[in-house]
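Asks:
Numbering (UniProt numbering), first residue to last: 1 to 185.
1) Give me the Cα-Cα distance between residue 5 and residue 38, rounded to the nearest whole angstrom.
2) Using the rule of at least 16 other Cβ atoms within 10 Å of the residue's Cβ for burial, across every protein chain shown, is residue 124 buried or exposed?
3) Can you tell me whether residue 63 is buried or exposed, with buried defined as 16 or more other CB within 10 angstroms of its CB?
4) Here's the rule: buried if 16 or more other CB atoms are within 10 angstroms of the residue's CB, otherwise exposed. What is residue 129?
5) Indicate the three-state DSSP secondary structure (helix, strand or coil) for residue 78 in the structure shown.
6) Just to confirm, is the Cβ distance from residue 24 to residue 47 under 9 Å?
7) In whole angstroms, what separates the C-alpha of residue 35 from that of residue 94?
8) Between residue 173 and residue 154, what straight-line distance do the alpha-carbon atoms span, to the nearest angstrom?
9) I believe residue 126 touches residue 103 by the beta-carbon criterion, under 8 Å. Please report the beta-carbon distance rounded to the nearest angstrom.
10) Quick one: measure Cβ to Cβ for residue 85 and residue 17, integer angstroms, because I've assumed they're closer than 8 Å.
11) Helix, strand or coil: which one does DSSP assign to residue 25?
12) Work out the CA separation of residue 74 and residue 176 for me, nearest whole Å.
13) Rounded to the nearest angstrom, what separates residue 112 and residue 164 at their Cα positions?
14) Give the C-beta separation of residue 146 and residue 119 to the nearest angstrom, bearing in mind that I take them to be a contact with Cβ-Cβ under 8 Å.
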(Lines of atoms letter the chains of each structure in order from A; the text may use other names.)
(Lines give C-alpha, C1' and ligand atoms only; values in the text may rest on other atoms or scores of the structure.)
Protein backbone atom coordinates (compact mmCIF):
# COMPACT_ATOMS: atom_id res chain seq x y z
CA UNK A 1 0.00 0.00 0.00
CA UNK A 2 1.32 3.46 -0.88
CA UNK A 3 2.27 5.98 1.77
CA UNK A 4 -0.43 8.53 2.59
CA UNK A 5 -0.38 11.92 0.87
CA UNK A 6 0.66 14.47 3.50
CA UNK A 7 -1.15 17.75 4.14
CA UNK A 8 0.39 19.97 6.82
CA UNK A 9 -1.89 22.04 9.03
CA UNK A 10 0.30 25.09 9.68
CA UNK A 11 -0.82 28.30 11.41
CA UNK A 12 -4.06 29.08 9.57
CA UNK A 13 -3.69 27.19 6.30
CA UNK A 14 -3.44 23.73 4.78
CA UNK A 15 -0.17 23.00 2.89
CA UNK A 16 -0.71 22.18 0.13
CA UNK A 17 -4.25 23.52 -0.05
CA UNK A 18 -5.06 21.14 -2.92
CA UNK A 19 -3.92 17.55 -3.47
CA UNK A 20 -4.70 15.03 -6.20
CA UNK A 21 -4.84 11.30 -5.38
CA UNK A 22 -6.22 8.10 -6.92
CA UNK A 23 -9.34 6.45 -5.51
CA UNK A 24 -8.35 4.15 -2.66
CA UNK A 25 -5.59 6.51 -1.53
CA UNK A 26 -5.18 7.92 1.96
CA UNK A 27 -4.58 11.55 2.87
CA UNK A 28 -2.90 12.35 6.20
CA UNK A 29 -3.32 15.76 7.85
CA UNK A 30 -0.71 16.65 10.50
CA UNK A 31 -1.13 19.71 12.74
CA UNK A 32 2.32 21.31 12.73
CA UNK A 33 0.95 24.64 13.98
CA UNK A 34 0.53 26.00 17.50
CA UNK A 35 -3.30 26.18 17.58
CA UNK A 36 -6.12 23.64 17.47
CA UNK A 37 -7.70 23.16 14.03
CA UNK A 38 -10.29 20.89 12.46
CA UNK A 39 -10.35 18.92 9.24
CA UNK A 40 -14.04 19.05 8.37
CA UNK A 41 -16.16 17.98 5.42
CA UNK A 42 -19.96 18.05 5.86
CA UNK A 43 -20.88 16.43 2.54
CA UNK A 44 -20.21 12.79 1.63
CA UNK A 45 -17.63 11.55 2.20
CA UNK A 46 -17.91 13.35 5.53
CA UNK A 47 -15.35 13.71 8.30
CA UNK A 48 -14.79 16.09 11.22
CA UNK A 49 -11.70 15.80 13.37
CA UNK A 50 -10.23 18.28 15.87
CA UNK A 51 -6.43 18.25 15.74
CA UNK A 52 -4.43 19.66 18.63
CA UNK A 53 -0.82 20.63 17.81
CA UNK A 54 1.12 17.46 16.92
CA UNK A 55 -1.96 15.35 16.23
CA UNK A 56 -2.79 13.75 12.89
CA UNK A 57 -5.80 12.38 11.05
CA UNK A 58 -5.99 9.98 8.08
CA UNK A 59 -8.86 9.45 5.68
CA UNK A 60 -9.06 7.02 2.75
CA UNK A 61 -10.98 8.28 -0.27
CA UNK A 62 -12.71 5.21 -1.71
CA UNK A 63 -14.43 6.89 -4.65
CA UNK A 64 -13.43 9.45 -7.29
CA UNK A 65 -14.58 13.06 -7.00
CA UNK A 66 -15.88 15.23 -9.79
CA UNK A 67 -13.58 17.87 -11.31
CA UNK A 68 -14.18 20.27 -8.42
CA UNK A 69 -12.91 17.76 -5.86
CA UNK A 70 -13.87 17.22 -2.23
CA UNK A 71 -13.65 20.52 -0.36
CA UNK A 72 -12.92 20.64 3.36
CA UNK A 73 -12.26 23.37 5.93
CA UNK A 74 -11.24 24.20 9.47
CA UNK A 75 -14.45 24.94 11.40
CA UNK A 76 -12.55 27.32 13.70
CA UNK A 77 -10.83 29.37 10.98
CA UNK A 78 -12.69 28.90 7.67
CA UNK A 79 -13.81 32.56 7.78
CA UNK A 80 -10.14 33.45 7.38
CA UNK A 81 -9.87 31.22 4.32
CA UNK A 82 -8.61 28.02 5.95
CA UNK A 83 -9.93 25.65 3.31
CA UNK A 84 -8.57 22.79 1.23
CA UNK A 85 -9.50 20.40 -1.53
CA UNK A 86 -8.82 16.76 -2.39
CA UNK A 87 -9.29 15.81 -6.04
CA UNK A 88 -9.75 12.04 -6.33
CA UNK A 89 -9.18 10.45 -9.74
CA UNK A 90 -10.28 6.94 -10.72
CA UNK A 91 -7.75 4.24 -9.90
CA UNK A 92 -5.71 3.39 -12.98
CA UNK A 93 -5.03 -0.29 -13.66
CA UNK A 94 -1.52 -1.15 -14.83
CA UNK A 95 -0.81 -1.96 -18.46
CA UNK A 96 -0.58 -5.75 -18.64
CA UNK A 97 2.07 -7.74 -20.54
CA UNK A 98 1.82 -11.53 -20.45
CA UNK A 99 4.97 -13.64 -20.44
CA UNK A 100 4.01 -16.84 -22.28
CA UNK A 101 5.76 -19.52 -24.34
CA UNK A 102 9.01 -17.58 -24.75
CA UNK A 103 7.48 -14.27 -25.80
CA UNK A 104 6.09 -11.07 -24.33
CA UNK A 105 2.47 -10.48 -25.31
CA UNK A 106 2.06 -7.82 -26.55
CA UNK A 107 5.69 -7.33 -27.49
CA UNK A 108 5.24 -3.56 -27.73
CA UNK A 109 3.08 -1.17 -25.71
CA UNK A 110 2.66 2.60 -25.78
CA UNK A 111 1.92 4.35 -22.49
CA UNK A 112 2.09 7.79 -20.86
CA UNK A 113 4.63 8.89 -18.26
CA UNK A 114 3.54 7.75 -14.79
CA UNK A 115 1.91 4.55 -16.05
CA UNK A 116 2.73 1.24 -14.40
CA UNK A 117 3.41 -1.81 -16.55
CA UNK A 118 2.78 -5.24 -15.03
CA UNK A 119 4.42 -8.36 -16.47
CA UNK A 120 2.81 -11.69 -15.46
CA UNK A 121 4.52 -15.01 -16.18
CA UNK A 122 1.69 -17.19 -17.50
CA UNK A 123 4.10 -19.72 -18.99
CA UNK A 124 5.64 -22.87 -17.52
CA UNK A 125 9.31 -21.73 -17.48
CA UNK A 126 11.23 -19.09 -15.54
CA UNK A 127 11.81 -15.83 -17.45
CA UNK A 128 13.31 -12.42 -16.72
CA UNK A 129 12.19 -8.90 -17.48
CA UNK A 130 15.53 -7.18 -17.97
CA UNK A 131 16.63 -3.72 -19.06
CA UNK A 132 20.31 -2.83 -18.64
CA UNK A 133 20.05 0.85 -19.67
CA UNK A 134 18.20 3.55 -17.73
CA UNK A 135 15.62 2.97 -16.48
CA UNK A 136 17.13 -0.31 -15.25
CA UNK A 137 15.24 -3.35 -14.03
CA UNK A 138 16.03 -7.06 -13.84
CA UNK A 139 13.42 -9.33 -12.35
CA UNK A 140 13.27 -13.14 -12.48
CA UNK A 141 9.68 -14.39 -12.78
CA UNK A 142 8.83 -17.97 -11.91
CA UNK A 143 5.55 -19.25 -13.38
CA UNK A 144 2.65 -17.32 -11.83
CA UNK A 145 4.81 -14.44 -10.55
CA UNK A 146 4.43 -10.79 -11.55
CA UNK A 147 6.61 -7.68 -11.70
CA UNK A 148 5.48 -4.04 -11.87
CA UNK A 149 7.46 -0.98 -12.96
CA UNK A 150 6.28 2.63 -13.19
CA UNK A 151 7.84 4.66 -16.00
CA UNK A 152 8.66 8.14 -14.70
CA UNK A 153 10.24 9.59 -17.85
CA UNK A 154 9.36 9.60 -21.56
CA UNK A 155 11.32 7.51 -24.05
CA UNK A 156 12.50 8.57 -27.47
CA UNK A 157 10.66 7.22 -30.54
CA UNK A 158 12.49 3.88 -30.31
CA UNK A 159 11.12 3.22 -26.80
CA UNK A 160 12.63 1.38 -23.86
CA UNK A 161 13.68 -2.10 -25.01
CA UNK A 162 13.82 -5.02 -22.59
CA UNK A 163 14.45 -8.76 -22.87
CA UNK A 164 14.45 -12.11 -21.12
CA UNK A 165 18.08 -12.86 -20.17
CA UNK A 166 17.39 -16.60 -20.44
CA UNK A 167 15.76 -16.56 -23.88
CA UNK A 168 16.67 -13.32 -25.71
CA UNK A 169 18.74 -15.30 -28.23
CA UNK A 170 15.46 -16.82 -29.38
CA UNK A 171 13.95 -13.37 -29.82
CA UNK A 172 12.26 -12.93 -26.45
CA UNK A 173 12.30 -9.14 -26.44
CA UNK A 174 9.84 -6.32 -25.89
CA UNK A 175 9.49 -2.57 -26.00
CA UNK A 176 7.71 0.10 -23.96
CA UNK A 177 7.20 3.43 -25.71
CA UNK A 178 6.61 6.13 -23.09
CA UNK A 179 4.96 9.35 -24.26
CA UNK A 180 4.80 12.56 -22.21
CA UNK A 181 1.64 12.77 -20.09
CA UNK A 182 -1.31 14.36 -21.85
CA UNK A 183 -2.03 17.88 -20.68
CA UNK A 184 -5.20 18.21 -18.63
CA UNK A 185 -7.84 20.58 -19.93
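Just so you know, even glycine gets a beta-carbon here, dropped at the ideal spot from N, CA and C.
Replies: In short, the structure shows the following:
1) 18 Å
2) exposed
3) exposed
4) Residue environment for residue 129: buried (at least 16 other C-beta atoms within 10 angstroms of its C-beta).
5) helix
6) no
7) 42 Å
8) 20 Å
9) No, residue 126 and residue 103 are not in contact; Cβ-Cβ is about 15 Å, not under 8 Å.
10) 7 Å
11) It is a strand residue.
12) 45 Å
13) 23 Å
14) 6 Å
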